[in-house]
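Notes follow once the structure below has been shown.
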Amino acid sequence: MNGFVFDIAHLLAGGLVLVSIMMLYQDRLYALLNTFALHALILTLSVAWQAYVQDAPHLYVTAAIALVFKAIIIPVALHRIIRQLGIHREIETAVGVGLTMLAGIGLVALSMAVMLQVTSEIDPLAREDLAFALSVLLLGLLMMVTRRNAVSQVVGFMSLENGLVLAATGAKGMPLVVEISVTFSILVAFIVIGIFLFRIRERFDTVDVEALDEFQGDRR
Amino acid sequence: MAAGLLTLLAALSLFVTSRPDPGTYFFIDDLNIAFIVLNTFVGFTTSVFSASYIAHELETGRLNSANIRFYHAMYQVMMFGMNLAFVSNNVGLMWVAVELATLTTVLMVGIYRTSEALEAAWKYFILGSVGIAFALFGTILVYMVAQPLIGEGQDAMVWTILVEHAPDFDPALLNVAFVFLLLGYGTKVGLAPLHAWLPDAHAEGPTPISAVLSGLLLNVALYAVLRFKILLAANPGAIAPGPLMMTMGLVSLIFAAFMLYGRRDIKRLFAYSSIEHMGIIVFAFGLGGPLANFAGLLHMVMHSLTKSAIFFAVGHISQVKGTQKLAEIRGLTVTHPGLGWGLVVGVAAIIGVPPFGIFMSEFLVVSSTFALQPLLAVPLAFGLLVAFGALLLRLTEVAFGEPMGSLAPVKASYAPMFIHLALVLTAGVYLPPPLVSWFQHIAILLG
């Protein structure tokens, strides 16, 4: 039983890393959003599995929030924004796809090397989860850095948050406070993002951050 | 404003009432009393200043009344978040509180809705959220490290319990946790490689927000770093947090000191000066030992008071001149003597001219560096001198020289600015013995 439990958790967390890497090479916004929805779905399964394994009912709440909020509401809302703005064509990336993929692989290797080395004393399930979570976090960060488009930066940020949720649920018996705070921060983040996107659209009719940079000129 | 005064009174009452025992969520000790009193005091004076500043923005039509209501509501939420961070005994709750304070400032930075303000807010938000993520990951790691020893659940996140058990923690994992926490909260402190949001947020937001960002929010993040530093110091097997903090502090100091020369925007100038001073403070705390901690603490208080006073002056100046460009502000002491001389006194205090308090704290930092790490005193003194020269250069242009720009009289609230400066001056001339012994006590607590 124990081996089976471990394998499933491992599979789901590994799947999350894989989808994170898939997001790196999506060059269309719609495809990116669909991939993100898949990311959130896998996160939901992973959290629900942890809830079952740890016998911690409150984790089901976290899983439900991940499912409803991140896998459904946010992608749908962003779809609508993209359609309204008419920016569904290619994403401008600051760094080429090949290079990004290489960097991504490097980051995954790095986080495995670091986390597995220092966590030899805690239980193996949490340990693997933590290593995967750090990979997801770093890949989200990489995506935020390599994209210029505000929508894909937001998606990068949310996948980074998914990594955090994975880490928090992997830590056995972590108090509810933290789960609430994680979802709370996502909520707030979304409100902020919504406002920003709205205002950016008001001002520029585009969500390309490059357009913002043009205003940098004179002030230093 | 009334709310600010009430909170200040409540904070002062902490001196006289007996301390409650540390609970699961909250606790009070000397360290956080010092931070809370400073926080609520500057919060109160800034609300006095922002009343007149925002009234002027309403007149000129840069903000409408809905914006104003939003602004004041957010201001109080931010003060709540900061005070919550100080009193929390739970590392998770502390994280939530710091985030609450950060997100409200993001909203306030973007309040003018100009393209520059939006860009600044966006940059702040993106970099801030990366900091948020790292800090949370570090917090989770701290829980993981504590869980085998303390057991599952709430107790493994309570700071007082964590410190008790810290000597037995697994040092390797604790090290990694601290690196994440230092990077995460260090982004908020504005330490050098992670500072990019700070000048933009200062320059494009309303000036009262620049004042509280520099004077208070940076301190909140610093407080979080200090708490975890104590945790790490209690574990004999873990890396010493000092050298890490000293390196980041020195790099921030020297980098910001050079950046001061090229600034063209008056609020950006003082934003970089904030990075410089946070560098000094982090350096002092990283150095450790009672004297350096004492100096760091004193410097932090002095910097908060002086920098917010400077921003009070700068806010009125940029309003009356209608510009933030340094090149278009000249001869202030002639056109607006009150503001001009206020700025001169403030800048003199911030660059460390005796007899102001900052001179004393900088002197203490440098002398304790000589005592502990003589070689590091060279770059430290070098950074201080470079910054001194840069600010002095800008000050002479802005304050003296041929008067330029609008001569209209200004409805300024001078009281907050001069009260702050008077306090800094008093501290430089005479520190009351109870205050000194109290600070010494905290310095020993910090280890």
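Quick mapping for you: the protein sequence lines, in order, are chains A and B.
The first sequence begins at 325 in our numbering and counts up by one.
The second sequence begins at 2 in our numbering and counts up by one.
Heads up, the beta-carbon is just placed ideally off N, CA and C, and yes, glycines get one too.
**OP:** Taking the CB atoms as reference points, tell me whether Phe126(B) and Phe181(B) lie closer together than 8 Å.
**Re:** Not in contact: Phe126(B) and Phe181(B) (Cβ atoms no closer than 8 Å).
Original post:
Are any of the Cβ atoms in chain A nearer than 8 Å to that of Ile127(B)?
Top reply: Using beta-carbon distances, Ile127(B) counts as an interface residue toward chain A, with a partner under 8 Å.
Original post:
What residues in the stretch 147–165 of chain B bring their beta carbon closer than 7 Å to a beta carbon of chain A?
Top reply: Along the stretch 147–165 of chain B, going in chain order, the ones with a CB nearer than 7 Å to a CB of chain A are Gln148, Pro149, Glu153, Gly154, Gln155 and Met158.
**OP:** Determine the DSSP secondary structure at Arg352(A), reduced to helix, strand or coil.
**Re:** In the structure shown, the three-state DSSP call for Arg352(A) is strand.
Original post:
Buried or exposed: where does Leu94(B) fall if 16 or more other Cβ atoms within 10 Å of its Cβ makes it buried?
Top reply: By the neighbour-count rule (16 or more Cβ atoms within 10 Å), Leu94(B) is buried.
Original post:
In angstroms, rounded to a whole number, what distance separates the CA positions of Ser66(B) and Met109(B)?
Top reply: Within the model, the alpha-carbon separation for Ser66(B) versus Met109(B) is close to 15 Å.
Original post:
Looking only at DSSP bridge pairs, what is Ser89(B) linked to?
Top reply: Bridge partners of Ser89(B) according to DSSP: Phe27(B).
Subject >> For Met346(A) and Pro168(B), the rounded distance between their alpha carbons >> reply: Pro168(B) and Met346(A): Cα-Cα distance of roughly 42 Å.
Original post:
Would Pro200(B) be called buried (16 or more neighbouring beta carbons within 10 Å of its own) or exposed?
Top reply: Sixteen is the threshold: when 16 or more other Cβ atoms of the shown chains lie within 10 Å of the Cβ of Pro200(B), as they do, the residue is buried.
**OP:** Just tell me which of His203(B), Val399(B) and Thr140(B) has its CA closest to the CA of Glu120(B).
**Re:** Checked all of His203(B), Val399(B) and Thr140(B); the closest Cα to Glu120(B) is His203(B).
Original post:
Taking the alpha helix (DSSP H) that Tyr431(B) falls in, what are its first and last residues?
Top reply: Here Tyr431(B) belongs to no alpha helix (DSSP H), and DSSP marks it neither H nor E.
**OP:** Name, please, each residue of chain A whose Cβ falls closer than 9 Å to the Cβ of Leu261(B).
**Re:** When 9 Å is used as the limit between beta carbons, Leu261(B) is near no residue of chain A, the shortest such separation being about 12 Å.
Original post:
Is His57(B) near the ligand ZN, going by C-beta to nearest heavy atom under 7 Å?
Top reply: Ligands in the displayed structure: none, and consequently the ligand ZN is not present.
Original post:
What number of angstroms, rounded off, separates the C-alpha of Asn294(B) from the C-alpha of Asp171(B)?
Top reply: Roughly 27 Å between the two C-alpha positions.
Original post:
Are Ser435(A) and Ala455(A) close, meaning C-beta to C-beta below 8 Å?
Top reply: Judged by their CB atoms, Ser435(A) and Ala455(A) are nearer to each other than the 8 Å cut-off.
Subject >> Candidates Ala257(B), Met405(B), Gln441(B) and Phe135(B): closest to His337(B) by CA position >> reply: For His337(B), the closest of Ala257(B), Met405(B), Gln441(B) and Phe135(B) by C-alpha to C-alpha distance is Met405(B).
Original post:
Are any of the Cβ atoms in chain B nearer than 8 Å to that of Met468(A)?
Top reply: Output row for Met468(A): interface = yes.
**OP:** Tell me whether the beta-carbon of Leu79(B) lies closer than 8 Å to the beta-carbon of Ala102(B).
**Re:** Note on residue identity: the sequence assigns Met, not Leu, to residue 79(B). In this structure, Ala102(B) lies closer than 8 Å to Met79(B) by Cβ.
Original post:
Between the stretch 472–485 of chain A and chain B, which residues of the former have CB atoms less than 9 Å from a CB of the latter, in chain order?
Top reply: Within the stretch 472–485 of chain A, the qualifying residues are Ala474, Gln477, Phe481, Leu484 and Glu485.
Subject >> Inter-stretch contact at 8 Å, needing at least 3 Cβ pairs: the stretch 318–330 of chain B / the stretch 219–237 of chain B >> reply: Result no; under three Cβ-Cβ pairs closer than 8 Å.
**OP:** List the residues of chain B that Val491(A) touches, going by C-beta distances under 7 Å, in chain order.
**Re:** The sequence shown places Ala at residue 491(A), not Val. Here the neighbours are Phe138 and Ile141.
**OP:** Counting only runs of 4+ residues fully inside the stretch 326–373 of chain B, write out the alpha helix (DSSP H) ranges in chain order.
**Re:** Under the rule that a run must span 4 or more residues, the alpha helix (DSSP H) segments found entirely inside the stretch 326–373 of chain B read 333–336, 338–351 and 358–373.
**OP:** Measure how close the beta-carbons of Val442(A) and Ala173(B) come, nearest whole angstrom, since I'm counting them as under 8 Å.
**Re:** That belief holds up - the Cβ atoms of Val442(A) and Ala173(B) are roughly 4 Å apart, short of 8 Å.
**OP:** Please go through the same chain and pick out, in chain order, the residues whose beta-carbon is closer than 6 Å to the beta-carbon of Ala428(B), but skip the five residues on each side of it.
**Re:** Shown here for Ala428(B): same chain residues with a beta carbon closer than 6 Å to its own, the five before and five after excluded, namely Gly358 in chain order.
Original post:
What in chain A is Cβ-close to Leu174(B), meaning under 7 Å?
Top reply: Taking the beta carbon of Leu174(B) as reference, the chain A residues within 7 Å of it are Val442 and Thr443, listed in sequence order.
Subject >> Rounded separation between His57(B) and Leu424(B) - CA only >> reply: Leu424(B) has its alpha-carbon roughly 27 Å from the corresponding atom of His57(B).
**OP:** Spell out the partners DSSP gives Val159(B) in its beta bridges.
**Re:** Per DSSP, Asn91(B).
Subject >> Contacts of Leu353(A) in chain B (Cβ-Cβ under 9 Å) >> reply: From the beta-carbon of Leu353(A), no residue of chain B is found nearer than 9 Å; the closest lies around 18 Å away.
Subject >> Close beta carbons around Ala391(B), own chain, < 6 Å, minus the five adjacent residues each side >> reply: Only Leu261 and Tyr262 meet the Cβ criterion.
Original post:
Are three or more beta carbon pairs between the stretch 300–309 of chain B and the stretch 369–378 of chain B nearer than 8 Å?
Top reply: Taking one beta carbon from each stretch, the stretch 300–309 of chain B and the stretch 369–378 of chain B have fewer than 3 pairs nearer than 8 Å; the two do not touch.
Original post:
What does DSSP give as the partner residues of Asp266(B) in its beta bridges?
Top reply: Beta-bridge pairing links Asp266(B) to Lys326(B).
**OP:** Kindly give me the distance between the Cβ atoms of Met83(B) and Leu192(B), rounded to whole angstroms, as I take these residues to be in contact under 8 Å.
**Re:** About 19 Å separates the Cβ atoms of Met83(B) and Leu192(B), ruling out a contact at the 8 Å cut-off.
**OP:** Output yes or no for whether 8 Å exceeds the beta carbon distance between Ala336(A) and His403(A).
**Re:** In the sequence on display, residue 336(A) carries Leu and not Ala. No. Outside cutoff.
**OP:** Select from Ala239(B), Leu298(B) and Ala197(B) the residue whose C-alpha is nearest the C-alpha of Arg269(B).
**Re:** The closest CA to that of Arg269(B), considering only Ala239(B), Leu298(B) and Ala197(B), is found on Ala197(B).
**OP:** Only counting runs of 4 or more residues, tell me where the alpha helix (DSSP H) segments fall wholly within the stretch 341–403 of chain A, in order along the chain.
**Re:** As far as the stretch 341–403 of chain A is concerned, its whole alpha helix (DSSP H) runs of at least 4 residues are 353–378 and 382–389.
**OP:** To the nearest angstrom, report how far apart Trp342(B) and Thr46(B) are at their CA atoms.
**Re:** Between Trp342(B) and Thr46(B), the C-alpha separation is close to 19 Å.
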